[in-house]
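Numbering (the numbering used here), first residue to last: 812 to 993. Report on the structure given below.
Next comes the structure, spelled out in structure tokens:
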């Protein structure tokens, strides 16, 4: 199981996709990624849609480039590789059905919403929008807290691990289990 917020969410998705392609000797494990407010890519068309949404929804323009950081403002040439973009990466990579990707995002924040919705329709991706309307960091903290308190992390551990959800607290994870927070 992988989890992350913002750029860590990008990493949780990308690493989950790579792990789902790997071959394991005994059995193919369930790979579950929880991505909160992920930055999913920096294609010109995606960033253009984000800029338009910020304009039409009267979102604070000062948030662009800070919340979340939109890297292409500084070096667009570095961000156009298909390997940097989750949607393009997914089309190139034969990731397997053992990958589940839960995308939690603030649908009231046009930047986070458009990054997340860019992944809609990809196999294994499940979207969980929340109408918060908060900044990238504040909504991420709130979504993380609600995810933890909901028990969905324990359910995901039950799906992917060989031990019951009753043990699925971070402080009680058995030694040797795979668990990453990005």
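Each residue gets a CB set at the ideal place from its N, CA and C atoms; glycine is no exception. Since the model is a prediction, treat every value here as computed from it, not as a measurement.
Nearest Cα to residue 817 within the set 957, 917 and 829: 917. Closest option to residue 921, judged by alpha-carbon separation, among 826, 867 and 845: 867.
In this structure, residue 961 lies away from residue 923, with their beta-carbon atoms at least 8 Å apart. Checking the DSSP bridge columns, you'll see residue 917 partnered with 941. Nearest C-alpha to residue 905 among 935, 812 and 956: 935. Close CB contacts of residue 919 within its chain, under the 6 Å cut and outside five residues either way in sequence, are with 942, 943 and 944 (chain order).
By a beta-carbon distance limit of 8 Å, residue 824 contacts residue 897. Their separation comes to about 6 Å. In this structure, 850 is the residue among 947, 827 and 850 with its C-alpha nearest to the C-alpha of residue 927.
Per DSSP, the unbroken alpha helix (DSSP H) holding residue 862 starts and ends at 855-867.
Residue 827: member of the alpha helix (DSSP H) spanning 818-832, first to last residue. Per DSSP, residue 950 is one residue of the alpha helix (DSSP H) stretching across 947-961. Residue pairing for residue 815: DSSP places it in a beta bridge opposite 846.
Around residue 955, the same chain offers 816 and 847 as residues with beta carbons nearer than 7 Å, after the five sequence neighbours per side are excluded. Each of 953, 852 and 828 was checked against the Cα of residue 844, and the nearest Cα belongs to 828. Here the alpha carbons of residue 870 and residue 819 stand approximately 24 Å from one another.
Shown here for residue 861: same chain residues with a beta carbon closer than 6 Å to its own, the five before and five after excluded, namely 922 and 925 in chain order.
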